[in-house]
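The letter at position 100 of the sequence shown is residue 1568 when you use the numbering used here, and the numbering goes up by one with no holes. Here's the structure, in structure tokens; my notes come after.
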Amino acid sequence: MNLAFFASSAQSFGVFHLNTSNTACPGRCETGWTYLDKTDACYKTFFWETFDTAESVCRSVGAHLTSIHSADENHFVADVARSGFKIGWTEWTWIGLKRAEYNSERWLWTDGTKVDFLAWSKGSPDNYHGREHCGELATDNTGDANEYHKWNDIRCDHRMRAFVCKKKALH
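Here it is, written out as structure tokens:
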């Protein structure tokens, strides 16, 4: 069952989705992780790290920064990491997308899966000043409708508000 919640105030506007089939599922995920049946994977949000440190945190719990392979998974990951507030660029969310090589146009997922879905925001990736080699996801309202649930390339050394780890479900 999908439930949508509408929130409005003088400063922000947003629609929040709660998909009740994507919840903590006993036996599928460890405590604190959220299960997505379409991917048979578990997801968990952590906070305030650089890209490389975020990937290390994910590996320490048997996961990787999340890869995203469909629009449904992209929206799910955004929902898992959503803050509920209007956000600035440092409050976006790390995903496991990284340039294959310095200044390459080819991107790789840190978990080694194929890059078979893209959701770049308008004008991205742009590799601003030749230093943007990691991918981030806008999980909340940024003030620009073209960025909502879209990706951007950014410097890997920024400490982002959130990052999502993903690992296969338990069986």
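Glycine included, each C-beta is placed from N, C-alpha and C at the ideal position. Values in this document were obtained by computation on a predicted structure and should not be read as measured data.
Could you check if N1490 is buried or exposed, using at least 16 other CB atoms within 10 Å of its CB as the buried criterion? Walking along the sequence shown from the start, residue 1490 turns up at place 22. The pLDDT assigned to N1490 is 49, lower than 50, so where the model puts this residue is not dependable, and the model offers no usable value.
- Item | F1519, enclosing alpha helix (DSSP H) - first and last residue | Along the sequence shown, one-based indexing puts residue 1519 at 51. That run of the alpha helix (DSSP H) goes F1519 to S1528.
Contact between the segment 1617-1624 and the segment 1509-1516 (3+ Cβ pairs under 8 Å):
no
* **Three-state class that DSSP yields for F1544 in the structure shown** => On the sequence shown, residue 1544 is found 76 positions in, with the first residue counted as 1. The answer is helix: DSSP assigns F1544 an H, G or I state.
Span separating the alpha-carbon of H1543 from that of H1617: For the purposes of this step, residue 1543 is taken as the residue at position 75 of the sequence shown. For the purposes of this step, residue 1617 is taken as the residue at position 149 of the sequence shown. Rounded to the nearest angstrom, the two C-alpha atoms are 7 Å apart.
Review point. For V1632 versus A1549, is the C-beta spacing smaller than 8 Å?
Key: Taking the first residue of the sequence shown as 1, we reach residue 1632 at position 164. Taking the first residue of the sequence shown as 1, we reach residue 1549 at position 81. The answer is yes: Cβ separation under 8 Å.
Quick check on the burial criterion: 16 or more other C-beta atoms within 10 angstroms. Buried or exposed for A1546? The residue labelled residue 1546 in the question sits at position 78 within the sequence shown. Looking at its Cβ environment, which holds 16 or more other Cβ atoms inside 10 Å, A1546 is buried.
Quiz item: Which one of F1519, S1551, V1529 and W1560 has the shortest CA to CA distance from T1499?
Solution: Your numbering for residue 1499 matches position 31 in the sequence shown. Of the candidates F1519, S1551, V1529 and W1560, the one whose C-alpha sits nearest the C-alpha of T1499 is V1529.
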